[in-house]
Structure formats: structure tokens, C-alpha cells
DNA sequence: TGGTATAGTATGGTATATGATACTAAGTTA
DNA sequence: TAACTTAGTATCATATACCATACTATACCA
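So this is what it looks like as C-alpha cells:
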């Protein structure tokens, strides 16, 4: 049975991981989520296994071509998203979450629980 | 006994919470963590119960007066940090994490686990 | 001939984030 | 008298993030 971790224990583990690896893994993840459209795009992608550019543009309200492209490129560079290009006419592209990306969902789930608890 | 939540179940709960409240709680939390110094400052604050401005400036390498002030003000506005001012000479200020702020640690712990798993 | 479809890129602008440096008050200590 | 202390603020400069709009290629379909 899994015991809930204490605050003190977390700080202990976190401190150790920082001093060992040099960079903080938590900060690294948070920096992957920086940007206005990261969260909406990841959310839209979690709703479908495979998504195409045009579909994402519809499902993420307000995003421009430029920002959607930038966001997807960054997510791809961080290994959270996979991009597959089909050179037909008209050409199209299929986006999907990688395992690394899908495994963020326990993080998001903790965020969701926290958010529901402290929503005003 | 707590069962680990599945990806599909998470998406179901997340979708429901978005449509009910209008805004996504996960996005709201992520936006509280936007900014270069949020994570380092929160980390430094988690190491001590009470921290003073000058102490934070030492423990967060590279931060300027301006950015530290801005970051602390935003964290305070989001209810994650408490600020208490003492009007002595010289005046000083004590910063601490609120309950809301301390309860982020399960989120950070999930981030830490993910980060350690996918660190390159 | 002209419209449709796809996944963007190019360009130029505004807005926000971040940074560097100097400066403040007012009592205490050297 | 001058330096020290604290927690910032003020000012200006730079850098990054974000936005709006127009444009591309190429085959297919009407």
C-alpha cells in the first residue's frame, strides 16, 4: 500500500536530486510548460490519439498559425509530442503524444486535484 | 487502497471539471508557475519555514531585486505565499508558504518522479 | 478557369518579461 | 561623521513572447 509522502520527505528527495544531477528536474519540467499555449495544446492532444494541425487549430480557441507551430515545435523538441509527415497531395501531418508526454498525466492529475481544492 | 488512475479516467475527470467551471484548473495552476523565477523561489522557500528578502536573494542565484520583488508579489497575489512586514529599524519582512502553497508539494513530487524517469 | 484542401512560413508589429544600475529612509554602530 | 542595515523602488534598456495578416505549393474537382 502506498503511503502519502510528507512535505519534509519530498524536500529531502528534491534536494538530493538537485545536488546530484546539477539541474532541478522540477524546474526542467516547469520550463517545458512555459508559454501561453502549452497547456491548451497538450490538453487537446490528450483527447485524441492522433491529431492533425487543422484539427488542433479548431480545438484550441484563439491560437494563431504561428503560435500553434511554435508550440508544437517546442513540445516536439522536448520529446513530449511526435510529428509524422505524409507527403501526399494535399500533404498532411499527424501529431500524437509520446510515452513521455502521456506519462505527464499523473502530474496533471495532481494539479487537477489541487486546483479543484483551491478553486475560488 | 488507492488505485493508480488511468489516462482515460484522468481525461474524463479533467473534461468534466473544465466544462463545469468554465476555466481549466490545470491551466490555472500552470499559469501561476509561469515566469523564470517562480520555481527557484518556491523551492528556496520550501527549505525554510520563514525566509527574508535578503536571504532569498542569496539562495536564488542570479535573481535581481526587481525580479525577486515581482515574483514574490505574484506568488502573494495567487495566495501561495504570505508576506509579513515588521516596521522596526531597519524594517524587515518575513515570507512563508501558505497552506495553499505547501499543498503544491504532491504536484512537485509527481513532477520530480517524472523528471527523474525522463532525465537524459 | 477558379476554388478547395493541407500545413504551415514570412513579415512586421506590439506587449510583456527580464535585466542592470542607482537610489531611498532612518536608526545603529564604529 | 560616515558606514551599515533592510527591503525594496525608479529608471531605462534589452530580449523574448505573442499577434495579425498575407502568402506558398500542388493536385483535384466543378
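Protein chains in written order, with our numbering: chain A, 315 to 434; chain B, 315 to 434.
Glycine is no exception: its CB is placed at the ideal position from the N, C-alpha and C atoms.
Taking residue i as the query, report the chain B residues whose CB atoms sit under 7 angstroms from its CB, ordered along the chain.
| i | result |
| --- | --- |
| residue 440/A | The shown model of chain A, from 315 to 434, leaves out residue 440/A, and the question about it has no answer. |
| residue 424/A | 420, 421 and 424 |
| residue 416/A | 321 |
| residue 433/A | 335 and 339 |
In the DSSP assignment, find the alpha helix (DSSP H) that holds residue i and state where it starts and stops.
| i | result |
| --- | --- |
| residue 494/A | Past the edges of chain A, shown from 315 to 434, lies residue 494/A, and the structure says nothing about it. |
| residue 388/A | 379 to 391 |
| residue 322/B | 321 to 335 |
| residue 424/A | 419 to 432 |
| residue 347/B | Premise fails: residue 347/B is in no alpha helix (DSSP H) and is neither H nor E. |
In chain B, what lies closer than 8 angstroms to residue i by C-beta?
| i | result |
| --- | --- |
| residue 375/A | Near residue 375/A there are no residues of chain B at all, since even the closest Cβ is about 12 angstroms away, more than 8 angstroms. |
| residue 401/A | Here the premise fails: no neighbours, minimum Cβ distance about 30 angstroms. |
| residue 389/A | Neighbours of residue 389/A on chain B: none; closest Cβ ~14 angstroms, over 8 angstroms. |
Applying the 10 Å Cβ sphere with the 16-neighbour rule, what's the burial state of residue i?
| i | result |
| --- | --- |
| residue 419/A | buried |
| residue 434/B | exposed |
| residue 353/A | buried |
| residue 339/A | buried |
| residue 344/B | buried |
| residue 341/B | buried |
| residue 326/A | exposed |
| residue 370/A | buried |
| residue 395/B | buried |
| residue 385/B | buried |
| residue 322/A | exposed |
| residue 335/A | exposed |
| residue 424/B | buried |
| residue 337/A | exposed |
| residue 391/A | exposed |
| residue 328/B | buried |
| residue 358/B | buried |
Starting from the C-beta of residue i, find all residues in its chain whose C-beta is less than 8 angstroms away, skip the five residues before and the five after it, and write them out in chain order.
| i | result |
| --- | --- |
| residue 405/B | 399 |
| residue 355/A | 370, 374, 377, 382, 385, 386 and 389 |
| residue 362/A | 369 |
| residue 412/A | 393, 394, 395 and 396 |
| residue 379/A | 371 |
| residue 366/B | 406, 407, 408 and 409 |
| residue 402/A | none |
| residue 364/B | 408, 409 and 410 |
Once the 5 residues before and after residue i are set aside, which same chain residues still bring their CB inside 6 angstroms of it?
| i | result |
| --- | --- |
| residue 333/A | none |
| residue 377/B | 351 |
Using DSSP bridges, identify the partner residues of residue i.
| i | result |
| --- | --- |
| residue 353/A | In DSSP, residue 353/A forms no bridge with anything. |
| residue 395/A | 411/A |
| residue 365/B | 409/B |
How would you list, in chain order, the residues of chain A whose beta-carbon sits under 7 angstroms from the beta-carbon of residue i?
| i | result |
| --- | --- |
| residue 410/B | The contacting residues do not exist; residue 410/B stays about 13 angstroms from chain A at best. |
| residue 385/B | The contacting residues do not exist; residue 385/B stays about 13 angstroms from chain A at best. |
| residue 325/B | 360 and 361 |
| residue 354/B | 341 |
For residue i, which residues in the same chain have their Cβ closer than 7 angstroms to its Cβ, ignoring the five residues on either side in sequence?
| i | result |
| --- | --- |
| residue 422/B | none |
| residue 414/B | 393 and 394 |
| residue 331/A | 339 |
Check whether the Cβ of residue i sits closer than 6 angstroms to any heavy atom of the ligand FAD, and report yes or no.
| i | result |
| --- | --- |
| residue 368/A | As for the ligand FAD, it is missing from this structure, which has no ligand bound. |
Using a Cβ cut-off of 8 angstroms, pull out every chain A residue sitting near residue i, in sequence order please.
| i | result |
| --- | --- |
| residue 343/B | 425, 428 and 429 |
Going along chain A, which residues have a C-beta under 9 angstroms from residue i?
| i | result |
| --- | --- |
| residue 330/B | Correct list: empty, because the minimum Cβ distance to chain A is about 10 angstroms. |
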